[in-house]
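Asks: Protein chains in written order, with the working numbering: chain A, 11 to 129; chain B, 282 to 989.
Backbone N, C-alpha and C define an ideal beta-carbon position, used for all residues, glycine too.
Please read all numbers here as calculations on a predicted model, not as lab measurements.
First the structure, which I've put down as structure tokens, then a few questions once you've had a look.
Printed below as a string of structure tokens:
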């Protein structure tokens with residue numbers, strides 16, 4: 011079992027959260043904290059990079075639902091990027107592609123933020 | 282303690298008493314024989330001094346039982362026994378001295394008649410002899426017992442040698458006729474020298490009074506009194522027998538050996554009483570300190586006992602406070618308890634100070650910029666404030682002032698469980714000795730607190746487990762007990778929580794047109810919270826199903842009820858299938874749930890109509906994305922609803938079973954034409970082979986329909 015780690019980096023115009031390992035009921039609170047501190051810093055353009063995430067449970071999915079409304083009401087967004095097919099399948103089953111923008115490339119997500127900003 | 286020592290003493294007491302009486306009876310009998318013999322001698326007109334053989338034999342026979350008894354005296358360990366022995370000795374000496382002094386005074390008036398062969402001398406000698414012989418066991422035995430106390434360090438031999446030497450002196454003296462004959466007079470000086478040597482031995486033994494130290498203070502005072510009585514008694518005894526006239530004259534003429542023995546004994550008694558008197562007086566100044574030390578030891582012992590008795594932490598802490606107060610002799614004590622970030626101050630059952638005063642004391646300075654509370658938690662050692670700054674009064678007695686204090690960490694290894702505080706009403710109240718004691722007490726208290734907390738948490742855990750088992754039972758009852766029976770299909774369903782309770786469930790509902798609906802649902806999260814939501818969803822779905830004509834309508838209405846009503850993070854997934862019997866058709870909707878596995882004409886496939894999870898999206902978005910899939914089946918076809926616990930079953934290496942292997946197992950079994958129950962067995966056989974018997978990490982639910 012690979013351990014869950016989380017890091018936040020700046021990638022204008024957004025902040026990127028990189029996830030690795032297993033995101034489940036035990037590790038979800040860490041992600042929640044990361045979102046909360048970004049919101050406290052008034053950072054509403056958030057990309058979550060799933061490149062190294064091996065597994066996501068329902069508790070992990072719930073974290074995105076908890077913050078998306080507040081982020082969007084502040085004219086920001088949570089965009090998801092670079093999911094493995096397995097992780098994508100979990101999001102897809104739940105119908106998350108109807109609710110979130112999911113990109114195969116982090117760059118595309120960033121570009122989308124840039125376009126939104128310029129509009 | 283008191284009862285224990287009495288019981289130990291009681292066992293040999295009966296024999297002791299009997300053997301002492303026996304000794305006295307033998308002595309008295311011997312005296313009677315002597316008296317009769319001398320009477321007849323008088324009558325037959327033979328000189329009374331002419332009984333050499335008898336004089337040799339009599340004392341040996343008389344003292345033999347006494348010597349045997351003396352050898353049998355056990356070494357005493359308990360100073361309380363020695364104390365009582367000396368008390369008895371003092372009374373015996375006093376009694377003997379008083380009894381002997383009377384005939385001495387009386388006889389002194391008739392000293393001219395006390396001629397060697399006179400009748401008065403004869404009877405007076407017998408009387409004194411009887412008194413002395415009767416008193417001997419009461420005087421000699423206690424003396425030996427006192428000398429043989431273990432605390433004195435005296436070997437077992439010395440006191441015996443002492444007594445044996447006394448008897449030897451007495452016996453030899455019997456052999457020496459002191460009147461008439463020059464050889465007899467020649468023996469007087471060596472005998473006197475021997476007597477002095479024995480008395481010196483007695484003096485050495487008398488210094489061994491170590492047992493006095495451990496007596497209680499009031500016992501030491503009493504001992505001074507008893508020693509004075511014993512000194513007075515033995516002085517009277519010596520005065521009686523050493524007096525130039527009277528008794529000594531009578532004894533000289535009748536039993537010079539006894540006289541010699543008695544004077545040696547008298548000297549030993551005087552030495553002993555004097556030394557004990559002096560020792561008791563000298564022990565008095567330290568009596569309070571010794572008492573305090575004994576209190577301290579018993580406090581620690583009490584506390585150790587408390588350790589095993591108190592389960593409730595608060596009760597334990599309050600008791601610890603009173604014990605600490607007593608043991609240290611403090612005016613007040615209190616304990617600051619830490620548990621995680623929570624800090625609690627407990628003042629004990631009868632607090633003498635208020636919480637405010639306690640806080641005031643805890644901020645007393647012990648160095649530059651360091652208050653006592655911080656100092657204890659940083660340095661982890663006993664801290665002392667010799668002189669409390671400012672005036673700090675007790676609550677109850679406003680005149681009293683607290684003048685010094687100490688604090689000790691309650692720690693176990695690195696963990697600081699709290700701090701013990703004690704305060705006294707005098708400055709410099711804590712010497713090195715109290716600091717050591719406070720430390721020892723604090724360690725005991727810490728250990729007891731930790732133990733009681735462990736016990737408490739195991740109680741709580743046990744109760745929690747009980748409640749979870751009840752919850753499991755309730756949750757099992759929420760699942761339908763019987764599957765509907767139909768000529769068109771057969772059904773099997775089960776749901777296994779990964780922990781005691783789970784968030785998965787299956788149900789059978791009836792739509793408004795009386796068609797039957799099957800549903801399988803998975804609530805996000807696991808364990809108790811998921812189980813609570815599961816119960817709620819089941820209630821909502823059951824209430825709504827009768828009003829809905831289709832599974833799509835049912836899930837849409839359920840989403841309205843659930844969305845926004847619960848925690849934003851929370852959601853559920855559900856598959857619902859309406860059974861149209863006569864057409865062998867299923868109308869399936871999927872709210873974010875795992876796809877349905879269907880096997881038609883031996884070919885497996887996953888049905889995954891579009892649909893968002895429940896409570897994820899607003900009703901408009903949810904409804905517009907909810908697709909209904911209608912599937913027609915033939916007899917022998919299967920439809921299998923399940924939760925993600927099955928495809929996510931993991932091998933010991935961490936690999937997931939996956940949807941493909943699941944389908945493979947199902948189609949293989951379908952080719953055998955198995956019934957739903959057998960299909961379940963086939964699926965779990967495959968899963969168990971994959972996980973190698975490891976339990977599933979997630980709840981797993983399975984609902985299998987086979988068309989007839």
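Any idea if residue 96 (chain A) is buried or exposed, counting beta-carbon neighbours within 10 angstroms, 16 or more meaning buried?
Replies: exposed
Asks: Would you report the Cα separation of residue 48 (chain A) and residue 848 (chain B), rounded to the nearest angstrom?
Replies: Rounded to the nearest whole angstrom, the C-alpha separation of residue 48 (chain A) and residue 848 (chain B) is 21 Å.
Asks: Got a sec: is the Cβ-Cβ distance from residue 807 (chain B) to anything in chain D below 9 Å?
Replies: The chain inventory of the structure shown lacks chain D, comprising the protein chains A and B.
Asks: Below 8 Å on the Cβ atoms is my guess for residue 72 (chain A) versus residue 805 (chain B); work out the distance and round it to an integer in Å.
Replies: Right, their Cβ atoms sit about 6 Å apart.
Asks: Within 9 Å (strictly less), CB to CB, does residue 60 (chain A) reach chain B?
Replies: Taking Cβ atoms only, chain B never reaches closer than 9 Å to residue 60 (chain A), which makes this a no.
Asks: Pairs of beta-carbons, one from the stretch 776 to 796 of chain B and one from the stretch 875 to 886 of chain B, closer than 8 Å: are there three or more?
Replies: no
Asks: Please identify the residue among B:754, B:774, B:798 and B:761 whose C-alpha is closest to the C-alpha of residue 781 (chain B).
Replies: With distances taken between Cα atoms, residue 781 (chain B) lies closest to B:754.
Asks: What do you reckon, are the CB atoms on residue 907 (chain B) and residue 833 (chain B) nearer than 9 Å?
Replies: In contact: residue 907 (chain B) and residue 833 (chain B) (Cβ atoms closer than 9 Å).
Asks: Give the range of the alpha helix (DSSP H) segment to which residue 836 (chain B) is assigned.
Replies: 832 to 843
Asks: Could you give the DSSP three-state label for residue 879 (chain B): helix, strand or coil?
Replies: strand
Asks: Under 8 Å: do the stretch 542 to 557 of chain B and the stretch 501 to 512 of chain B share three or more Cβ pairs, one atom per stretch?
Replies: yes
Asks: Tell me whether the beta-carbon of residue 77 (chain A) lies closer than 9 Å to the beta-carbon of residue 29 (chain A).
Replies: no
Asks: Quick one: what does DSSP say residue 779 (chain B) is sitting in, helix, strand or coil?
Replies: coil
Asks: Listing by chain order, which chain B residues have their CB less than 8 Å from the CB of residue 108 (chain A)?
Replies: 893, 898, 902 and 906
Asks: Which residue or residues does DSSP assign as beta-bridge partners of residue 702 (chain B)?
Replies: B:615 and B:688
Asks: Might you give, ordered along the chain, the residues of its own chain that have their beta carbon closer than 7 Å to the beta carbon of residue 435 (chain B), omitting 5 neighbours on each side?
Replies: Because the pLDDT of residue 435 (chain B) is 47, which lies under 50, any placement of that residue in the model is unreliable, and the number read from its coordinates should be weighed accordingly. Only residues of its own chain outside the window of five on either side were considered, and among them 428, 429, 486 and 489 have a CB closer than 7 Å to the CB of residue 435 (chain B), listed in chain order.
Asks: DSSP state of residue 580 (chain B), grouped into three classes?
Replies: helix
Asks: Is it the case that the Cβ atoms of residue 726 (chain B) and residue 626 (chain B) are separated by a distance below 9 Å?
Replies: no
Asks: Which chain B residues sit within Cβ distance under 7 Å of residue 76 (chain A)?
Replies: 849 and 850
Asks: Does the beta carbon of residue 778 (chain B) come closer than 9 Å to any beta carbon on chain A?
Replies: no
Asks: So, helix, strand or coil for residue 361 (chain B), using DSSP?
Replies: helix
Asks: Does any residue of chain A bring its CB to less than 9 Å from the CB of residue 982 (chain B)?
Replies: no
Asks: Nearest CA to the CA of residue 102 (chain A): which residue from B:894, B:957, B:965 and B:960?
Replies: Closest option to residue 102 (chain A), Cα to Cα, is B:894.
Asks: Is the beta carbon of residue 923 (chain B) less than 9 Å from the beta carbon of residue 982 (chain B)?
Replies: yes
Asks: Would you mind sorting residue 762 (chain B) into buried or exposed? The rule is 16 or more other CB atoms within 10 Å of its CB.
Replies: exposed
Asks: Where does the unbroken alpha helix (DSSP H) through residue 986 (chain B) begin, and where does it stop?
Replies: Per DSSP, residue 986 (chain B) belongs to no alpha helix (DSSP H); it is in the beta strand (DSSP E), 981 to 988.
Asks: By the criterion of Cβ-Cβ separation under 8 Å, what are the contact partners of residue 35 (chain A) in chain B?
Replies: 806 and 807
Asks: Applying the criterion that 16 or more other CB atoms from any shown protein chain within 10 Å of the CB defines a buried residue, is residue 15 (chain A) buried or exposed?
Replies: exposed
Asks: From residue 545 (chain B) to residue 477 (chain B), what does the alpha carbon distance come to, in whole angstroms?
Replies: 8 Å
Asks: Cα-Cα, which of A:93, A:105, A:83 and A:100 is closest to residue 119 (chain A)?
Replies: A:93
Asks: Suppose the cutoff is 6 Å on Cβ atoms and the five residues either side in sequence are ignored; what does the same chain contact list for residue 501 (chain B) look like?
Replies: 561, 564, 565 and 568
Asks: Would residue 915 (chain B) pass as an interface residue toward chain A - the criterion being a Cβ-Cβ separation below 9 Å?
Replies: Under the Cβ criterion of 9 Å, residue 915 (chain B) is not counted among the residues facing chain A.
Asks: Could one say the Cβ of residue 113 (chain A) lies closer than 9 Å to chain B's Cβ atoms, at least one of them?
Replies: no
Asks: What does residue 875 (chain B) touch in chain A if you count any residue whose Cβ is under 9 Å from its own?
Replies: 103
Asks: Given that residue 72 (chain A) touches chain B, what residues does it touch there, using C-beta distances under 7 Å?
Replies: Neighbours of residue 72 (chain A) on chain B, chain order: 805, 850, 851 and 852.
Asks: What residues in its chain sit with their C-beta under 6 Å from that of residue 27 (chain A), if we drop five residues either side in the sequence?
Replies: 18, 44 and 58
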